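Engineer: The sequence shown lines up with residues -19 to -1, 1 to 213 when you count with mature numbering (1 follows the signal peptide of the UniProt record, and there is no 0).
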Amino acid sequence: MKKLLISGILLAAGFSLFAGDAAAFVDLGLSSDGRTYAFGEYGKTDKSFQGYAEIYTVDIEKNDFIAGEVFKTQASAATGSKSGKAVFDELYSKANWKLKKYDFKPAPVDNLLYLRDDKKAGESEIVFKDFEGSTVEQSVFYHIKLVKTCEGSGENLRSSFFITLEKKNGDGEVISRNIVGSPDIKRKKVTDYRIDRIFSDKSGRNLVFVVEKTLSDVNGSSIRYMVETIRL
């Protein structure tokens, strides 16, 4: 799977920067056995200009955070004079004693399966070829789609989503189908979701979907990140 076609342009750095109250995503990487993933985000609140930072450690097979290994520095008066990056660096220094056992490293470029094009809508289907699963006689493709549901409006708005992960042959016949994420989880004031990137470990069995989410409230819109994971 590591030779799957990459869509979009490659990352020039380990994180991305956004204007306004939008978090910068930090890819801390996959563990040496490919079963654990860690990421972070940081920024400054739009109105108060206070720095914040968060680090999450994820069990890929369970698609859940690892207990005791989520770290946060909330925006406050104490972070008002600091950049989001400085707050993140301080948080990482405090958390590293727990994280270092995993030997996290970002996925190699060969394992970056998809990188979002800004022109692509959040619910557009993503298709790329599985070169390792394909043969001379038959091509195999991955078809991925984010399915979003919203209910309520304004302060009462809640949303959820899941990701369909299908493998199809060249005739469009479904070879396998998986659901990634849980539609039962309702998130307050999240108005949109977009798959930002998809990558795997070296084995190709452990997949990470980085999802950009848009939150809206009286202060306007903000961007934050989350991940969904699956072990095939």
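Note that CB positions come from ideal geometry on N, CA and C, so glycine has one too.
Predicted, not measured: the structure shown is a model, and the values here were computed from it.
Sorted by chain position, which residues of the same chain lie with C-beta nearer than 8 Å to GLU106's C-beta, five sequence neighbours on each side aside?
Structural biologist: Numbered from its first residue, the sequence shown carries residue 106 at position 125. Cβ within range, chain order: HIS124, ILE125, LYS126.
Engineer: Please state the DSSP three-state secondary structure of ALA(-8).
Structural biologist: Position 12 of the sequence shown, counted from the first residue, corresponds to residue -8. With a pLDDT of 33 at ALA(-8), under the threshold of 50, the predicted position of this residue should be treated as unreliable, and no value is reported.
Engineer: Can you tell which of SER13, ILE166, ASP8 has its C-alpha closest to the C-alpha of TYR83?
Structural biologist: In the sequence shown, the residue the question calls residue 83 occupies position 102. When only C-alpha atoms are compared, the closest one is SER13.
Engineer: Using C-beta distances below 6 Å, list every residue in its chain close to GLY114, excluding the 5 sequence neighbours before and after it, in chain order.
Structural biologist: Locating residue 114 in the sequence shown gives position 133, counting from the first residue. Excluding sequence neighbours, GLY114 sits near VAL121.
Engineer: Three or more beta-carbon pairs under 8 Å between the region 61 to 76 and the region 23 to 34, yes or no?
Structural biologist: The region 61 to 76 is in contact with the region 23 to 34.
Engineer: Excluding the 5 residues flanking LEU188 on each side, which residues of the same chain have their C-beta closer than 6 Å to its C-beta?
Structural biologist: Numbered from 1 along the sequence shown, position 207 holds the residue referred to as residue 188. SER181, ILE211, listed in sequence order.
Engineer: Is there a Cβ of chain B sitting closer than 8 Å to that of LYS43, yes or no?
Structural biologist: Structure shown: chain B not included; a single protein chain is present.
Engineer: Would DSSP call THR195 helix, strand or coil?
Structural biologist: Within the sequence shown, numbered from 1, the residue matching residue 195 stands at position 214. Looking at THR195 - three-state DSSP - the assignment turns out to be strand.
Engineer: To which residues of the same chain is ARG139 closer than 7 Å at the C-beta, ignoring the five residues directly before and after it?
Structural biologist: Within the sequence shown, the letter at position 158 stands for residue 139. Exclusion of the five residues before and after ARG139 leaves GLU132, GLY133, LYS167, ARG168, LYS169 as the residues of its chain whose Cβ lies within less than 7 Å of its Cβ.
Engineer: Name the one or two DSSP bridge partners that LEU127 has.
Structural biologist: One-based indexing of the sequence shown puts residue 127 at position 146. According to DSSP, which records beta bridges pairwise, LEU127 is partnered with ILE144.
Engineer: Quick one: grab the DSSP three-state call for ASN200.
Structural biologist: By one-based count along the sequence shown, residue 200 stands at place 219. Coil, per DSSP.
Engineer: Leaving out the 5 sequence neighbours to the left and right, which residues in its chain are closer than 7 Å to GLU209 when beta-carbon positions are compared?
Structural biologist: Reading the sequence shown from its first residue, position 228 is the one you call residue 209. Around GLU209: ASN44, ILE144, VAL161, GLY162, PHE190, VAL192.
Engineer: Work out the CA separation of ASP165 and LEU(-9) for me, nearest whole Å.
Structural biologist: On the sequence shown, position 11 is the one that residue -9 refers to. On the sequence shown, position 184 is the one that residue 165 refers to. Model confidence at LEU(-9) stands at a pLDDT of 35, short of 50, so the residue's coordinates are unreliable; what they give is reported in the following sentence. So the alpha carbons of these two residues sit roughly 32 Å apart.
Engineer: Looking only at C-alpha atoms, which of ARG158, GLY135, ASP173 sits nearest to PHE142?
Structural biologist: Numbered from 1 along the sequence shown, position 161 holds the residue referred to as residue 142. With distances taken between Cα atoms, PHE142 lies closest to ASP173.
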